[in-house]
Amino acid sequence: MNQVDDKTYRERVYEIVRRIPSGRVMTYGLIAEILGEGYTPRTVGYVMHGADTENVPWQRVINSQGACSTGRMTMPVNLQQNMLESEGVVFSDKGKCDLGEYLWYPDGFAKDEQESPTLFV
DNA sequence: AACTTGACGAGGG
DNA sequence: CCCCTCGCCAAGT
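Counting with my numbering, you get residues 786 to 906 for the letters of the first sequence.
What follows is the structure in structure tokens.
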């Protein structure tokens, strides 16, 4: 059941990212937590690194500090933040946004009860 | 097959 | 609040 047949390892991550509404964000750790076994914040980041920027709203995935982590790449750190700001997300001078306000949880995955791993595949 | 690298994160100092 | 360490696991060398 949990094979990588119809959905590859990466596609499972992208599928969740595509659900994030404009103006909202998710963290690498949260996505890993939802996907469960075999997924960690680090691997989610690795997968996002190879995302199809055309079809995946990659800018909506940030780190647990509420900041953008795209600094190491060839693209400027500002780009991701700018894209989010144009969606209405407000960042502080230090480049952090309020996760309490913008963090988005997929349907059925309540903020308080994070115990159901494979709620939606 | 072994070793290194990350768009990470929690915990300790 | 900043810095460092360690655990995590797919991919690239």
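Note that beta-carbon positions come from the ideal geometry of N, C-alpha and C, so glycine has one too.
Taking buried to mean at least 16 other C-beta atoms within 10 Å of its own C-beta, is residue i buried or exposed?
| i | result |
| --- | --- |
| residue 812 | buried |
Pull up the distance between the alpha-carbon of residue i and that of residue j, whole angstroms please.
| i | j | result |
| --- | --- | --- |
| residue 882 | residue 874 | 7 Å |
| residue 795 | residue 852 | 23 Å |
| residue 887 | residue 871 | 14 Å |
| residue 885 | residue 825 | 22 Å |
Between the options, which has its C-alpha nearest residue i's C-alpha?
| i | options | result |
| --- | --- | --- |
| residue 817 | 799, 807, 850 and 806 | 799 |
| residue 730 | 876, 888, 866 and 804 | Within the shown structure, residues of the chain are numbered from 786 to 906, placing residue 730 beyond reach of any answer. |
| residue 915 | 834, 804, 864 and 880 | The first residue shown for the chain is 786 and the last is 906, placing residue 915 beyond what the model contains. |
| residue 878 | 820, 890, 863 and 892 | 863 |
| residue 833 | 814, 821 and 822 | 814 |
| residue 841 | 820, 807 and 821 | 807 |
| residue 828 | 837, 797 and 805 | 797 |
| residue 831 | 893, 805 and 854 | 854 |
| residue 838 | 821, 891, 868 and 890 | 868 |
| residue 836 | 891, 892 and 793 | 793 |
Going by the beta-carbon positions, is the gap between residue i and residue j smaller than 8 Å?
| i | j | result |
| --- | --- | --- |
| residue 810 | residue 847 | yes |
| residue 805 | residue 894 | no |
Original post:
What runs of the alpha helix (DSSP H), each 4 residues or longer, lie entirely inside the region 801-833?
Top reply: Every alpha helix (DSSP H) stretch that sits fully inside the region 801-833 and reaches 4 residues is listed by chain position as 813-820.
Original post:
What alpha helix (DSSP H) runs, 4 residues minimum, are completely inside the region 867-898?
Top reply: The region 867-898 contains these whole alpha helix (DSSP H) runs: 884-887.
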